[in-house]
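Remarks on the structure that follows.
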Amino acid sequence: MPSQAEARAITASARNGWLLSTPALVILSLAAVGPLLIVVIYSFLTPGQHGNVVWEFSTDGWTGILWSKDIFTDEWMLADAHLTIFWRSVSLSLMTTLFAFVVGFPTAWFIATRPPKERALWLFLITIPFWTNLLIRTYAINEVLRKEGLMNTVLMGLGLTDAPIDVLYTQTAIFIGMTYVYLPLMVLPLFAAIDRFDMKLLEAAYDLYASRWQVLRRIILPIVKPGIIAGSILVFVPSLGAYVTPRVLGGGKQMMIGNFIELQFLQGKNWPLGAALSMLLLLIVMAALLVYVRYANRGSSHG
Amino acid sequence: MAKSGADRGFQVARVPGFAITAIVVFVALYLPIFTLVAYSFNASTSLAVWGGFSLDWYARAWDNDQVKDATLRSLIIASFAAVISTTVATMAALGTTRRRDFKGQTFIYVMINQPLMVPEIVTAVALMIVFGLVKVWLTSIGMGGLTTGLGYLILAHAAFCIPFAYLPIRARLEGMDLTLETAAADLYATPWQTFRRVTLPLLAPGIIAGAMLAFVISLDDVVITEFVKSGGQDTLPTYMLGQMRRQLTPEINAVSTMLLGLTVVLLTAFFLLTRKKT
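Going line by line, the protein sequences match chains A and B.
Residue numbering for the first sequence follows this note's numbering, starting at 2 and increasing by one per position.
Residue numbering for the second sequence follows this note's numbering, starting at 10 and increasing by one per position.
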């Protein structure tokens, strides 16, 4: 039983905690959380003639994610164009995550095995691009990939290709761009995991005649697994919701879900569909984050 | 630590190919940015052919009223958003750190970190819908004058800046020594005096770091601004996004370079402020 004084202290602590947090909570309710609830409502309304909505209940917004109404017969048909966009979003995001891991792991390993004094500098070098403007970094990639850009100049200079490769405004360009802009999000959690790794385990393994491949697969990867999961989710989530990168590097032809949502609000004039797509994206992201939280908790409870 | 490995002639932590990959990654990370900066000094109109060094594109950007307006607007929004978000984040950090756990604490954490989890495009369309509704309502009650102005953008930016301001302040609070505050209280300082004279000065580096991070985040935003702004309310990033649809000239590179420069200066200051004393 807590004493009366202690109970009072707990109440006071809670009261002050809530009071001090209220201004932040008000702003977040008005301009972050609250608006999401309105999007849920909008996803169940009827589209207006010129955008916006008519306040009549309808589930067509959600149905419209996978099916579209034939303009002549009014029958619902599987919407191939939508499926293409979803598949592109998911496959590009998975490829981005995978490739970011393949190059990010050696990078994180490299940083973690530097002498402590150097380490801060390498980390700083990884962090700087992460905090600089995403649009500018995407635009920098756009310039590099152009027909007359750095990539083609180098490739042709080396004699690897005769004619410039026209990669800009393709899915490859989006893939390269997303890997470029989200790579730091993979390296940082990987570094955190590897940094905690006890290198004595490696010595033990080598002393027991393990091969390099066995050491990597049996010892390093299982131990840094939480970092791998964290990094993968941190890259996959923003990739799936990407808007700027596909727009600047995909040139409007290679849409991803983010651009498809924009289209519904600005040109497609189907706000309920746009609202339903937004909620779908949010649900996928939340599911990914739940997986992350579960893994993170399991990792910590087992030491 | 790696002694026995070294005895056997190799370092255990060295994996063949890893160092090379890492170096390639670092080069690939910086090369595009350096190229972008280099071409901002290009004398020719091309983004590919080097025509000699020149500051023409900076002069041209400087004379461009749209760039000037957008820059000013970006700075105004970022300043307001940083001050508002840092103020409320400091209060929230004081309310949720260094005290007994209380019911609803997790809820407060989730709310504060929410902008980090929700895809920007989702928040962007949500705000577009809500602000649209608010504007219709304001017009209907005869307050149409309130439908324009930067208030909407400032509110939106302040909201998504809160977690970025909150994290460094909270980290600073958690690392702070309680004894000074206890000493102050023992010497009959009122709670307010203790806060004003002891806690706040100790917390100041965290607050400044949080404000700088919020400022940078606001300055960089393009998606939410693109959906929330009314006509003629371009910020620097949305202006640049609009220009990217048209014929590109190194003027964009000059504008980008200036924005990058500002960000790097603020970030370097941030790192120096939050660096742990060793």
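Note that the Cβ used here is the ideal one computed from N, Cα and C, for glycine as well.
Legend entry - Pick from Ile195/A, Glu204/A, Ala101/A and Trp68/A that is closest to Thr114/A, judged by C-alpha positions: To locate residue 114/A, count along the first sequence from 1; it is residue 113. Thr114/A has its Cα closest to that of Ile195/A, out of Ile195/A, Glu204/A, Ala101/A and Trp68/A.
Inset, instruction - Tell me whether the beta-carbon of Arg45/A lies closer than 8 Å to the beta-carbon of Thr60/A. - result: In the first sequence, residue 45/A corresponds to position 44, counting from 1. In the first sequence, residue 60/A corresponds to position 59, counting from 1. First, the residue type needs correcting, since residue 45/A is Phe and not Arg in the sequence shown. A contact, by the Cβ cut-off of 8 Å.
Legend entry - Nearest candidate by alpha-carbon position, reference Phe176/A, set Gln255/A, Leu156/A and Leu124/A: Here residue 176/A refers to the residue found at position 175 when the first sequence is read from its first residue. Answer by Cα proximity: Gln255/A.
Inset, instruction - Check whether the Cβ atoms of Leu250/B and Leu20/A lie closer than 8 Å to each other. - result: If you number the second sequence from 1, residue 250/B lands on position 241. If you number the first sequence from 1, residue 20/A lands on position 19. Result no, Cβ atoms of Leu250/B and Leu20/A do not sit closer than 8 Å.
Inset, instruction - Report yes if the CB atom of Tyr293/A is closer than 8 Å to the CB atom of Glu129/B, and no otherwise. - result: What you label residue 293/A is simply residue 292 of the first sequence in a count that begins at 1. What you label residue 129/B is simply residue 120 of the second sequence in a count that begins at 1. No, Cβ-Cβ distance for Tyr293/A and Glu129/B is not below 8 Å.
Inset, instruction - Could you confirm whether any beta carbon from chain A is found closer than 8 Å to the beta carbon of Tyr44/B? - result: On the second sequence, residue 44/B is found 35 positions in, with the first residue counted as 1. According to the sequence as given, residue 44/B is Thr; it is not Tyr. It does; some Cβ of chain A falls within 8 Å.
Inset, instruction - Report yes or no: is there a C-beta of chain B within less than 8 Å of the C-beta of Leu290/A? - result: Translated into positions along the first sequence, residue 290/A becomes position 289. It does; some Cβ of chain B falls within 8 Å.
Inset, instruction - Hey, could you find the ends of the alpha helix (DSSP H) Met100/B is sitting in? - result: The residue given as residue 100/B occupies position 91 in the second sequence. First-last of the alpha helix (DSSP H) with Met100/B: Asp74 to Thr105.
Legend entry - CA-to-CA distance, Gly52/A to Trp272/A, given in whole angstroms: For the purposes of this step, residue 272/A is identified with residue 271 of the first sequence, where counting begins at 1. For the purposes of this step, residue 52/A is identified with residue 51 of the first sequence, where counting begins at 1. Roughly 6 Å between the two C-alpha positions.
Inset, instruction - Taking the CB atoms as reference points, tell me whether Thr30/B and Thr180/A lie closer together than 8 Å. - result: The residue you call residue 30/B lines up with position 21 of the second sequence. The residue you call residue 180/A lines up with position 179 of the first sequence. No.
Inset, instruction - Anything in the stretch 253 to 265 of chain A with a Cβ closer than 9 Å to a Cβ of chain B? List those residues in chain order, please. - result: Gly253, Ile258, Gly259, Asn260, Ile262, Glu263 and Gln265
Inset, instruction - Please check the pair Trp123/A and Leu276/B, which I expect to be a contact at CB under 8 Å, by giving their CB distance rounded to whole angstroms. - result: To locate residue 123/A, count along the first sequence from 1; it is residue 122. To locate residue 276/B, count along the second sequence from 1; it is residue 267. About 16 Å; that fails the 8 Å criterion.
Inset, instruction - Measuring only between beta-carbons, confirm whether Trp56/A sits less than 8 Å from chain B. - result: Counting from 1 along the first sequence, the entry for residue 56/A is found at position 55. Output row for Trp56/A: interface = no.
Legend entry - Spatial distance of Met187/A from Gly105/A (CA atoms): The residue given as residue 187/A occupies position 186 in the first sequence. The residue given as residue 105/A occupies position 104 in the first sequence. In a straight line, the C-alpha of Met187/A is about 6 Å away from that of Gly105/A.
Legend entry - Within chain A, partners of Val24/B - CB distance below 8 Å: Within the second sequence, residue 24/B is the residue found at index 15, counting from 1. Simply Pro107, Trp110, Arg213 and Leu217.
Inset, instruction - Report the option in Phe27/B, Val34/B, Tyr67/B and Ser239/B whose CA atom is closest to the CA atom of Val46/B. - result: Here residue 46/B refers to the residue found at position 37 of the second sequence. Ranking the options by Cα distance to Val46/B, first place goes to Tyr67/B.
Inset, instruction - Could you check if Arg147/A is buried or exposed, using at least 16 other CB atoms within 10 Å of its CB as the buried criterion? - result: The count along the first sequence starts at 1 and reaches residue 147/A at position 146. Counting Cβ neighbours within 10 Å, Arg147/A comes out buried, since at least 16 surround it.
Inset, instruction - Please decide whether Glu129/B counts as near chain A, where near means a Cβ-Cβ distance under 8 Å. - result: Translated into positions along the second sequence, residue 129/B becomes position 120. Yes, Glu129/B lies at the interface with chain A (some Cβ there is under 8 Å from its Cβ).
Legend entry - Which of helix, strand or coil DSSP assigns to Asn271/A: Counting from one through the first sequence, the residue named residue 271/A turns up at place 270. Of the three classes helix, strand and coil, the one that applies to Asn271/A here is coil, per DSSP.
Inset, instruction - Could you please tell me which residues of the stretch 218 to 242 of chain B, in chain order, have their CB closer than 7 Å to any CB of chain A? - result: Val225, Asp229, Val231 and Val232
Inset, instruction - Please confirm if the stretch 75 to 91 of chain B is in contact with the stretch 194 to 213 of chain B, defined as three or more CB-CB distances below 8 Å between the two stretches. - result: no
Legend entry - Contact with chain A by Pro41/B, beta-carbon distance below 8 Å: For the purposes of this step, residue 41/B is taken as residue 32 along the second sequence, with counting starting at 1. Judged by the 8 Å Cβ criterion, Pro41/B is in contact with chain A.
Inset, instruction - Can you say whether Ser227/B is buried or exposed, counting buried as having 16 or more other CB atoms within 10 angstroms of its CB? - result: Position 218 of the second sequence, counting from 1, holds the residue named residue 227/B. Ser227/B comes out buried.
Legend entry - Span of the beta strand (DSSP E), counted from its first residue to its last, around Lys70/A: Numbered from 1 along the first sequence, position 69 holds the residue referred to as residue 70/A. Lys70/A -> beta strand (DSSP E) spans Trp68 to Lys70.
Legend entry - Nearest-angstrom Cα separation, counted from Pro185/A out to Leu211/B: In the second sequence, the residue the question calls residue 211/B occupies position 202. In the first sequence, the residue the question calls residue 185/A occupies position 184. Approximately 31 Å, taken between the alpha carbons.
Legend entry - For Ala90/B and Ala223/B, believed in contact at Cβ under 8 Å, the rounded distance: Locating residue 223/B in the second sequence gives position 214, counting from the first residue. Locating residue 90/B in the second sequence gives position 81, counting from the first residue. Their Cβ separation, rounded to whole angstroms, is 6 Å, which keeps Ala223/B and Ala90/B in contact under 8 Å.
Inset, instruction - Just grab the DSSP bridge partners of Leu79/A for me. - result: Position 78 of the first sequence, counted from the start, is the residue given in the question as residue 79/A. Looking at the DSSP assignment, Leu79/A forms a beta bridge with Trp68/A.
Inset, instruction - Just the C-alpha distance for Leu274/A and Gln5/A, rounded to the nearest angstrom, thanks. - result: Against the first sequence, residue 274/A aligns to sequence position 273. Against the first sequence, residue 5/A aligns to sequence position 4. Leu274/A and Gln5/A: Cα-Cα distance of roughly 56 Å.
Inset, instruction - Measuring alpha carbon to alpha carbon, tell me which of Val273/B, Val264/B, Val274/B and Arg284/B ends up nearest Lys77/B. - result: What you label residue 77/B is simply residue 68 of the second sequence in a count that begins at 1. Looking at the Cα atoms, Val264/B is the closest of the given residues.
Inset, instruction - Helix, strand or coil for Pro116/A, going by three-state DSSP, please let me know. - result: Taking the first residue of the first sequence as 1, we reach residue 116/A at position 115. Three-state DSSP puts Pro116/A in coil, outside helix and strand.
Legend entry - CB-CB length for Ala52/B against Phe62/B, believed under 8 Å: For the purposes of this step, residue 52/B is taken as the residue at position 43 of the second sequence. For the purposes of this step, residue 62/B is taken as the residue at position 53 of the second sequence. Correct: roughly 7 Å between the Cβ atoms.
Inset, instruction - Indicate whether at least one CB of chain B lies closer than 8 Å to the CB of Met200/A. - result: Reading the first sequence from its first residue, position 199 is the one you call residue 200/A. Chain B, which has a Cβ nearer than 8 Å to the Cβ of Met200/A, makes this yes.
Inset, instruction - Evaluate Thr98/A with the Cβ neighbour count: other Cβ atoms within 10 Å of its Cβ, from every protein chain shown; 16 or more gives buried, anything less gives exposed. - result: Here residue 98/A is taken as the residue at index 97 of the first sequence, counted from 1. So Thr98/A counts as buried.
Inset, instruction - Could you tell me the boundaries of the alpha helix (DSSP H) in which Ile28/A lies? - result: The residue given as residue 28/A occupies position 27 in the first sequence. Its alpha helix (DSSP H) spans residues Gln5 to Leu29.
Legend entry - Cutoff 8 Å: Trp132/A Cβ touching any chain B Cβ: The residue you call residue 132/A lines up with position 131 of the first sequence. It does: the Cβ of Trp132/A has a partner Cβ on chain B nearer than 8 Å.
Inset, instruction - Determine which residues of the stretch 101 to 120 of chain B have a Cβ less than 8 Å from any Cβ of chain A, and write them out in chain order. - result: Ala101, Leu103, Gly104, Thr105, Arg108, Arg109, Phe111, Lys112, Gly113, Gln114, Ile117 and Met120
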